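Engineer: Encoded as structure tokens, here's the structure I'll be asking about.
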Amino acid sequence: MSQPSFATHEVFNQSPPFEDVDLFTVDRPLVDAVKANGGAAAERDLSEFGKQWGSAAMADRGRVANENTPKLRSFDAKGNRRDQVEFHPAYHELMAHSAHAGVHNSTWTANGKPAGDAAEVIRAAKFYIAAQVETGHLCPITMTRASVGALAMQPDLLGKVMPVLSTRSYDPSFAPWWQKRGMTLGMGMTEKQGGTDVRANMTRAVRDGEAYRITGHKWFMSAPMCDAFLVLAQAEQGLTCFFMPRFAPDGSVNAIQFQRLKDKLGNRSNASSEVEFTGAYAERVGEEGKGIRTIIQMVQLTRQDCAIASVGLMRSGLAHALHHARHRSVFQKHLADQPLMRAVLSDMALHVEASTALVMRLCRAFDRTPHDAAEAAYMRLLTPAIKYWTCKSAPPFLYEAMECLGGNGYVEDGILARHYREAPVNAIWEGSGNVMCLDVLRALSREPEAATAVLQSLAAKTKGLPGAGETASFIGTTFRRADGERVARLAVEKLALLAAAAALNSVSPRNAELFASTRLATNHASMYGAVELDSGEARTLLERALP
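Taking our numbering, the leading residue of the sequence shown gets 12, the next gets one more, and so forth.
In structure tokens form, the structure reads like this:
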């Protein structure tokens with residue numbers, strides 16, 4: 012007697028994949044924020060980028076690159092030390108697409124000067140879009156872009172590197188950087204005995220003719236297949252920044268020995284290593300003893316990218332949650348039409364819209380800093396505050412997005428579990444929350460008049476918004492307190508919220524009023540959806556977030 016056969020059950024009441032969309036034009040808050048900050052001329056280019064990164068093929072590359080993590084190959088088949096890291100082809104494809112779009116270098120001219128106009132804003136929009144698909148590969152993209160800021164302190168070295176760094180080619184071959192079509196740069200500062208206090212570095216640099224030989228270790232050095240690294244080491248005159256290539260000038264593999272790759276919570280597609288230097292060849296960048304002053308030119312830019320990536324991750328979480336809710340039915344209604352779910356989603360949309368306006372406003376300040384003292388002061392004071400707020404916002408936001416999908420959000424078949432694991436790293440890397448607060452206090456103490464002018468400007472740009480005046484007053488009073496460090500986290504968060512309201516006010520005044528009334532006039536509830544927005548406001552926010 013034959014057994015009955017059963018057909019696979021019919022799948023229904025599930026949302027279709029959120030793919031093959033233009034991640035730029037479908038994001039009205041991003042389009043408007045780019046326009047408000049001078050980038051309107053790039054809309055066609057950004058739309059093409061949005062279509063490419065919103066494709067099903069690109070989403071699959073992101074998935075595969077994270078499922079097939081990097082592997083360290085310390086030796087070749089004959090026992091020769093090689094210290095190579097092997098990546099899945101999907102990772103290289105992501106790198107190539109980002110490089111081709113100039114995400115690693117478009118804010119610089121071919122000779123390493125700031126590109127000007129709205130280069131920072133336009134490049135940030137691409138970075139924000141790419142972060143929605145795959146964030147791990149953006150680590151070397153970020154460091155390569157930011158390295159030019161530090162290399163500018165050593166013009167002769169910058170002049171040698173820029174002809175290779177300024178191309179839009181990605182060359183993954185293991186070869187000396189001067190023989191390649193394009194190059195990437197990494198960074199190594201953290202040691203076992205201290206990450207935040209880099210002055211505690213024990214790595215030593217000894218002069219060898221015009222160059223140096225470096226001996227020591229780095230507890231974290233990301234993207235170890237970069238063609239060169241900026242590292243800190245103690246030279247005769249003190250802590251100094253160095254350019255350390257993977258290959259020495261004679262073409263031999265430099266004495267950079269990777270001990271292991273870190274097993275990280277997220278950021279899985281990107282390799283982060285523990286490394287020993289055994290007399291590695293390096294060239295000085297900037298003056299001896301001025302290593303922190305030199306490397307901070309790079310760190311400001313990497314912090315900027317941490318903020319952009321965090322907002323990109325939140326945007327992706329919102330888009331996937333809203334897309335799912337519009338297709339999923341429960342109790343005879345689509346989830347997106349249920350009052351509680353609409354309250355949650357619209358509150359999340361408001362947060363993302365303000366965050367997007369804020370990071371694009373910050374990027375405008377980076378564009379204008381070389382020729383505008385007020386924008387330079389904004390950049391110095393607000394970069395750590397914005398990194399603090401946006402990066403710390405991302406993990407709980409993405410948890411909320413996962414919950415909107417229920418069990419489907421929690422499993423690795425979708426992207427939100429990966430986003431959730433990715434989110435904490437931006438708050439941890441390039442200065443944790445407390446470090447960001449201390450940097451805000453440091454900016455206030457070093458440039459009190461300039462910082463006061465920034466606060467006054469924010470107050471003026473938010474005049475009339477609910478709670479803005481009281482928030483500005485609180486910030487000023489708190490930062491003047493003798494025990495300001497003890498309460499710095501609250502003041503820095505308020506500063507970021509005020510700056511977000513000001514940025515959003517130039518993009519969408521009505522939504523700036525909503526943001527201020529729910530974040531400045533009152534303390535925002537710890538859970539999304541615990542604010543009252545009328546149905547029309549909720550509908551407008553959701554339509555702007557995803558038509």
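Every residue gets a Cβ at the ideal spot worked out from N, C-alpha and C, and that includes glycine. Every value quoted in this text rests on a predicted model; they were computed, and no experiment measured them.
1. Contact defined as beta carbons within less than 8 Å: I believe Ser280 pairs with Tyr139. What is the distance between those atoms, to the nearest angstrom?
2. Please work out which residues of its chain come closer than 7 Å, Cβ to Cβ, to Leu351, disregarding the five sequence neighbours upstream and downstream, and give them in chain order.
3. Kindly indicate which three-state DSSP category Gly73 falls into: helix, strand or coil?
4. Please say whether Val436 and Gly199 have beta carbons closer to each other than 8 Å?
5. Out of curiosity, what's the CA-to-CA distance linking Thr529 and Val32?
6. Closest to Glu536 by C-alpha separation, out of Met359, Lys398 and Lys46, would be which residue?
7. Quick test of the definition: if touching needs 3 or more C-beta pairs under 8 Å, does the segment 114-129 touch the segment 169-176?
8. Does the Cβ-Cβ distance between Ala44 and Ala368 come in under 8 Å?
9. From Lys191 to Cys317, what does the alpha carbon distance come to, in whole angstroms?
10. Taking the alpha-carbon of Gly297 as reference, which of Ala186, Ser263 and Ala244 has the nearest alpha-carbon?
11. When we look at the beta-carbon of Met538 and count the other beta-carbons within 10 Å, is it buried (16 or more) or exposed?
12. Tell me, please, whether the segment 364-380 touches the segment 541-551 by the rule of three or more beta-carbon pairs shorter than 8 Å.
13. Check the C-beta distance from Phe258 over to Pro187 and give it rounded, since I have them as a contact under 8 Å.
14. Please report the Cβ distance between Ala434 and Ala405, rounded to the nearest whole angstrom; I am assuming they are in contact, meaning their Cβ atoms lie under 8 Å.
15. Might you give, ordered along the chain, the residues of its own chain that have their beta carbon closer than 7 Å to the beta carbon of Gly487, omitting 5 neighbours on each side?
16. In whole angstroms, give me the CA-to-CA distance for Lys137 and Gly90.
17. Please say whether Thr482 and Ser508 have beta carbons closer to each other than 8 Å?
18. Using alpha carbons as the reference points, say which of Ile426, Leu392 and Ala157 lies closest to Leu449.
19. Between which two residues does the beta strand (DSSP E) containing Asp261 stretch?
20. In this structure, how does DSSP classify Glu299 when only helix, strand and coil are distinguished?
21. Identify the continuous alpha helix (DSSP H) that holds Tyr389 and give its terminal residues.
22. Given a threshold of 16 other Cβ atoms within 10 Å of its Cβ, counted over all protein chains shown, does Ile439 qualify as buried or as exposed?
23. Based on Cα-Cα distance, which residue from Arg314, Asp378, Glu30 and Thr146 lies nearest to Ser109?
24. CB Gln308 to CB Ala130, shorter than 8 Å?
25. Can you name the start and end residues of the alpha helix (DSSP H) that Phe138 belongs to?
26. Determine whether the beta carbon atoms of Gly193 and Ser184 lie at a separation below 8 Å.
27. Between the segment 407-420 and the segment 148-167, are three or more C-beta pairs nearer than 8 Å?
Structural biologist: Taking the structure as given:
1. At roughly 18 Å, the Cβ-Cβ gap does not stay under 8 Å, so Ser280 and Tyr139 are not in contact.
2. These residues qualify, in order along the chain: Gly540.
3. helix
4. Result no, Cβ atoms of Gly199 and Val436 do not sit closer than 8 Å.
5. 31 Å
6. Residue 536 is actually Ala in this sequence, not Glu. Ranking the options by Cα distance to Ala536, first place goes to Met359.
7. Short answer: they touch.
8. In this structure, Ala368 lies closer than 8 Å to Ala44 by Cβ.
9. 28 Å
10. Measuring from the Cα of Gly297, the nearest candidate turns out to be Ala244.
11. exposed
12. no
13. 4 Å
14. 4 Å
15. Leu466
16. 42 Å
17. Checking the sequence, you will find Leu at residue 508 rather than Ser. Their beta carbons are under 8 Å apart, which means Leu508 touches Thr482 by this criterion.
18. Considering only alpha carbons, the answer is Leu392.
19. Where Asp261 is concerned, there is no enclosing beta strand (DSSP E), given that its DSSP letter is neither H nor E.
20. coil
21. Ala384 to Cys415
22. exposed
23. Thr146
24. no
25. Ala130 to Ala142
26. At the C-beta level, Gly193 and Ser184 stay beyond 8 Å of one another.
27. No: the two stretches stay apart, fewer than three of their Cβ pairs being nearer than 8 Å.
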